[in-house]
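Once you know that position 46 of the sequence shown is 46 in the working numbering, the rest is easy, because the numbers rise by one and skip nothing. Every residue gets a Cβ at the ideal spot worked out from N, C-alpha and C, and that includes glycine. Nothing here was measured: the structure is a model prediction, and the numbers come from that model. Written below as structure tokens is the structure these notes are about.
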Amino acid sequence: MPGKSVLITGTSTGIGRAAAEMLAAKGYRVLATMRTPEKGRDLAENAKANGWDLTVVPLDVRDGASVRGALDQAGDIDVLVNNAGFEVWGPLEEMTVDDVKDQFETNVYGPFRLITAVLPRMRQRGSGVIVNVSSVAGRVSALLNGLYSASKFALEALSETIHYEVGHFGVRCHIVEPGGVATPFPDNRRLVGAAAGDEGSPYRELITQWEAAADRLTGGARAQPEDVAAAILDAIETGDKLRYPVGQDANLVFTARKAMDDAQFESAMRQQLGLAW
1 MPGKSVLITG
11 TSTGIGRAAA
21 EMLAAKGYRV
31 LATMRTPEKG
41 RDLAENAKAN
51 GWDLTVVPLD
61 VRDGASVRGA
71 LDQAGDIDVL
81 VNNAGFEVWG
91 PLEEMTVDDV
101 KDQFETNVYG
111 PFRLITAVLP
121 RMRQRGSGVI
131 VNVSSVAGRV
141 SALLNGLYSA
151 SKFALEALSE
161 TIHYEVGHFG
171 VRCHIVEPGG
181 VATPFPDNRR
191 LVGAAAGDEG
201 SPYRELITQW
211 EAAADRLTGG
221 ARAQPEDVAA
231 AILDAIETGD
241 KLRYPVGQDA
251 NLVFTARKAM
261 DDAQFESAMR
271 QQLGLAW
């Protein structure tokens with residue numbers, strides 16, 4: 001599909017930036033969107049140096065007017081990649097309703113705004129691709145990331161329904177599910193309660209144990225942003241399946257979850273992570 005236009009959200013760093021560069025290098029017309037366009041100056045300069053058709057476009061997925069403005073600037077969109085997201089991290093008991101609202105505003109309502117904005121034209125045209133970047137947490141929840149996981153479960157449900165509903169019109173929807181990825185994403189978490197350093201929290205020991213276990217699923221080897229970008233490209237150009245897991249840990253978790261009942265899976269994960277909680 002080189003030559004086609006693709007709009008990608010959350011391209012200032014990490015997966016979004018890698019996808020923008022990979023798709024531009026493949027000949028796509030890339031609309032690389034981000035909340036703060038100043039963070040995309042080097043991306044734009046790199047694109048210019050390489051002769052890529054890439055434009056940095058301001059877009060805040062939480063704002064309907066911003067979405068409309070970005071789409072007006074972009075024109076006809078052949079491919080939408082919903083990648084923008086963030087994580088509220090900590091014990092659920094210590095979170096607030098505002099945390100829930102903020103988590104879903106970016107990770108669920110944002111993609112929904114864009115999907116419903118581009119679908120009418122894709123449907124009328126009889127072609128189009130939507131790729132939603134979810135997570136291993138979109139199918140398996142875990143300690144401390146329950147709110148993030150809930151948002152990704154919701155995104156997966158929306159994606160699966162869209163897949164069923166719009167295939168009839170020649171429009172495809174795919175889900176990319178990374179495990180741990182070597183990006184600044186964890187540095188941008190909103191930490192809550194014990195995770196934010198509250199020493200009086202009853203969950204403080206859980207945080208300590210989890211931090212000690214952080215790399216055990218991946219063996220310390222996280223996927224690279226380019227690995228996820230390659231899966232996004234595969235979904236766009238091949239599109240032969242609904243879900244595209246990425247990374248050793250994602251495949252390990254999905255395989256184990258499929259083979260085990262709830263109690264067996266919980267026991268296996270606690271053993272793998274060395275959790276005494």
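From A20 to G69, what distance separates their C-alpha atoms?
Those two C-alpha atoms are separated by around 20 Å.
Can you name the start and end residues of the alpha helix (DSSP H) that H163 belongs to?
Note, H163: alpha helix (DSSP H), 146-166.
Relative to the C-alpha of A142, which residue among V118, D102, T55, L206 is closest?
Considering only alpha carbons, the answer is L206.
So is the beta-carbon of A214 under 6 Å away from any non-hydrogen atom of the ligand NAD?
The ligand NAD is not part of the structure shown, which contains no ligands of any sort.
Using a beta-carbon distance below 7 Å, is W52 in contact with chain D?
Looking at the structure shown, chain D is missing, and only one protein chain is on hand.
So, is Q264 buried or exposed, given that buried needs 16 or more other C-beta atoms within 10 angstroms?
Exposed is the call here.
Tell me which same chain residues have a C-beta within less than 8 Å of the C-beta of E266, skipping the five on either side of it?
Cβ within range, chain order: n/a, list empty.
Between which two residues does the beta strand (DSSP E) holding M34 run?
The continuous beta strand (DSSP E) containing M34 extends over residues 29-34.
Alpha helix (DSSP H) segment containing P46, residue limits
Before going on, a small fix: residue 46 reads as Asn here, not Pro. Following the DSSP letters along the chain, one finds N46 inside the alpha helix (DSSP H) bounded by residues 41-50.
Between which residues of its own chain and D102 is the CB-CB distance below 8 Å, once the five residues before and five after are set aside?
Only V88, R190 meet the Cβ criterion.
Residues sharing a beta bridge with A223, DSSP
DSSP lists V181 as the bridge partner or partners of A223.
Assuming S5 is part of the beta strand (DSSP E), what are its boundary residues?
Taken as a continuous stretch (DSSP letters only), the beta strand (DSSP E) holding S5 covers 5-8.
Take the Cβ of A214 as the centre, count every other Cβ of all protein chains shown within 10 Å, and call the residue buried at 16 or more, exposed below.
By the Cβ neighbour-count rule, A214 is exposed, with fewer than 16 other Cβ atoms within 10 Å of its own.
Is V253 closer than 7 Å to V140 when the C-beta atoms are compared?
Inclusion of V140 and V253 in the CB contact set at 7 Å is warranted, their separation being smaller than that value.
Cα separation between R17 and E226?
Taking the Cα positions, R17 is about 9 Å away from E226.
Quick one: what's got a C-beta closer than 8 Å to G146's C-beta in the same chain, skipping five residues either side?
Contacts found: L92.
Helix, strand or coil at V128 according to DSSP, with G and I counted as helix:
First, the amino acid is wrong: residue 128 is Gly here, not Val. Of the three classes helix, strand and coil, the one that applies to G128 here is strand, per DSSP.
Rounded to whole angstroms, what's the CA-CA distance from I232 to G200? Just pull it up for me.
The alpha-carbon atoms of I232 and G200 are separated by roughly 43 Å.
Which same chain residues end up closer than 8 Å to G3 when comparing Cβ atoms and leaving out the 5 residues on each side of it in sequence?
If we look at G3 and ignore the five residues flanking it on each side, its Cβ neighbours are G27, Y28, R29.
Mind listing, in chain order, the continuous alpha helix (DSSP H) runs of no fewer than 4 residues lying wholly within the region 95-124?
Within the region 95-124, the complete alpha helix (DSSP H) runs of at least 4 residues are 97-104.
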